[in-house]
Amino acid sequence: MTLGMPINYAGDFRETIDHLRDFESVGVARVAVPEAYSFDAVSQLGYIAARTESMELQTGILPMYSRTPTNLAMTAAGLDYISGGRAVLGIGASGPQVIEGFHGVKYDYPLGRARENAEICRAVWRRERVEHRGKHYQLPLTEADGGSGLGKSLKIINHPVRERIPMLLAAIGPKNVALAAEMFEEFQPFLYHPDHVDAAFGEALAAGRAKRDPSLPELRVVVQASALISEDADQIANARNTVRHHAALYIGGMGARGKNFYNSLVQRYGYVEEAATIQDLYLDGKKVEAAAAVPDELIDAISLIGPRSRVAEQIEAFAKSGVGVLLASPAAGEHRQRVEDMRVLRELMA
Numbered sequence: 023m024t025l026g027m028p029i030n031y032a033g034d035f036r037e038t039i040d041h042l043r044d045f046e047s048v049g050v051a052r053v054a055v056p057e058a059y060s061f062d063a064v065s066q067l068g069y070i071a072a073r074t075e076s077m078e079l080q081t082g083i084l085p086m087y088s089r090t091p092t093n094l095a096m097t098a099a100g101l102d103y104i105s106g107g108r109a110v111l112g113i114g115a116s117g118p119q120v121i122e123g124f125h126g127v128k129y130d131y132p133l134g135r136a137r138e139n140a141e142i143c144r145a146v147w148r149r150e151r152v153e154h155r156g157k158h159y160q161l162p163l164t165e166a167d168g169g170s171g172l173g174k175s176l177k178i179i180n181h182p183v184r185e186r187i188p189m190l191l192a193a194i195g196p197k198n199v200a201l202a203a204e205m206f207e208e209f210q211p212f213l214y215h216p217d218h219v220d221a222a223f224g225e226a227l228a229a230g231r232a233k234r235d236p237s238l239p240e241l242r243v244v245v246q247a248s249a250l251i252s253e254d255a256d257q258i259a260n261a262r263n264t265v266r267h268h269a270a271l272y273i274g275g276m277g278a279r280g281k282n283f284y285n286s287l288v289q290r291y292g293y294v295e296e297a298a299t300i301q302d303l304y305l306d307g308k309k310v311e312a313a314a315a316v317p318d319e320l321i322d323a324i325s326l327i328g329p330r331s332r333v334a335e336q337i338e339a340f341a342k343s344g345v346g347v348l349l350a351s352p353a354a355g356e357h358r359q360r361v362e363d364m365r366v367l368r369e370l371m372a
């Protein structure tokens, strides 16, 4: 299992990056920078590339709708170039609240768009003249497609460092999970419960793997989890409370009733009544009560918080469930303790 860590898009970015070398020295091998409706992730990863030596640099996650497929390919190739082959292109659909609300782009056909994005990106990296006649993307755009008729079939000018930059798909719905298992190097779920992988993803993963191109490596599962190694009851309670509110935000507030992917996921874990209660409370404006309704067992399952022995058990559970990359978000209040926690995580994973 590879140990990585996400970078928060809030806070003092320069101070955070100044400390990244400390994390790199204790075995953190990947850094992921998110992009919701924050600063863009790529410019930050370019800065990180110059400040680190060996860390993989993951976009986590670039929304497909806000960039064309060829722009995604160019961006990943550029990041791979300046970092000496350390880029991981993470893409996802985001949701209509962000895509239509912030970008003003119609949120449609996330499954088909993800498939075509993967096909086009890989053609660009192979330096093929890009010709793609898909349902969602037409390259070149012809007069029949509504273009001027002047578009040319082009290939990227530069020679990419790699013709196969690893691609990651953020997915939790069954069809998107199946697509990840079919076409992508990596798959990143959310609110990952290692004890309920089969119930939540098993059928979809099996369907996708049955169609997987044999030239692709084995699918890697990438999981993000809050981490704190401590015997201090107050520290543990505070860290768990943060996870509790974070989970409530997604289960309760990320989408309308009947259109919340995260709520549906938690129901597949078996928390059907709990998911409904959390959503009702959250959408009624009772956010504290919604957080209190998140089951303790779920908080324990999706995080790495507690004494060393408890964290070791959870790492083992993640490993047995098939996790290949663990993006641990250190929750300790001081930098020295955060680095030490990551060192211990690397030790436990070994």
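For the numbering used here, count along the sequence shown from 1 and bump the result up by 22. Beta carbons are placed, not taken as given, at the ideal position from N, Cα and C, and that holds for glycine.
Can you name, in chain order, every residue of its own chain whose Cβ lies under 6 Å from the Cβ of residue i, other than the five neighbours on each side?
| i | result |
| --- | --- |
| residue 219 | 343 |
| residue 163 | 169, 173 |
| residue 301 | 274, 285 |
| residue 444 | Within the shown structure, residues of the chain are numbered from 23 to 372, placing residue 444 beyond reach of any answer. |
Go ahead and pull the three-state DSSP assignment for residue i.
| i | result |
| --- | --- |
| residue 19 | Examination of residue 19 is not possible in this model, given that the chain is present from 23 through 372 alone. |
| residue 213 | coil |
| residue 178 | coil |
| residue 26 | strand |
| residue 65 | helix |
| residue 234 | coil |
| residue 36 | helix |
| residue 343 | coil |
| residue 165 | coil |
| residue 251 | strand |
| residue 138 | helix |
| residue 348 | strand |
With 16 other CB atoms within 10 Å as the buried threshold, where does residue i fall?
| i | result |
| --- | --- |
| residue 242 | buried |
| residue 251 | buried |
| residue 236 | exposed |
| residue 91 | buried |
| residue 279 | exposed |
| residue 208 | buried |
| residue 232 | exposed |
| residue 179 | exposed |
Suppose the cutoff is 7 Å on Cβ atoms and the five residues either side in sequence are ignored; what does the same chain contact list for residue i look like?
| i | result |
| --- | --- |
| residue 323 | 215, 216, 217 |
| residue 206 | 140, 189, 190, 191 |
| residue 246 | 28, 349, 351 |
What does a CB cutoff of less than 8 Å around residue i pick up in its chain, not counting 5 residues either side in sequence?
| i | result |
| --- | --- |
| residue 177 | 146, 149, 150, 151, 152 |
| residue 201 | 133, 136, 137, 191, 193, 230 |
Which runs of the alpha helix (DSSP H) at least 4 residues long sit entirely within the segment 254-331? Give them in chain order. 255-270, 283-290, 294-305, 309-314, 318-324
Closer than 8 Å is the cut-off here; do at least three beta carbon pairs connect the segment 37-48 with the segment 357-368? yes
Quick check on the DSSP output: what are the complete beta strand (DSSP E) runs of length 3 or more inside the segment 81-135, in order along the chain? 109-114
Indicate whether the contact test is met: 3 or more Cβ pairs, each with one atom in the segment 312-323 and one in the segment 256-276, closer than 8 Å. yes
Between the segment 54-68 and the segment 77-88, are three or more C-beta pairs nearer than 8 Å? Yes: at least three Cβ pairs fall under 8 Å.
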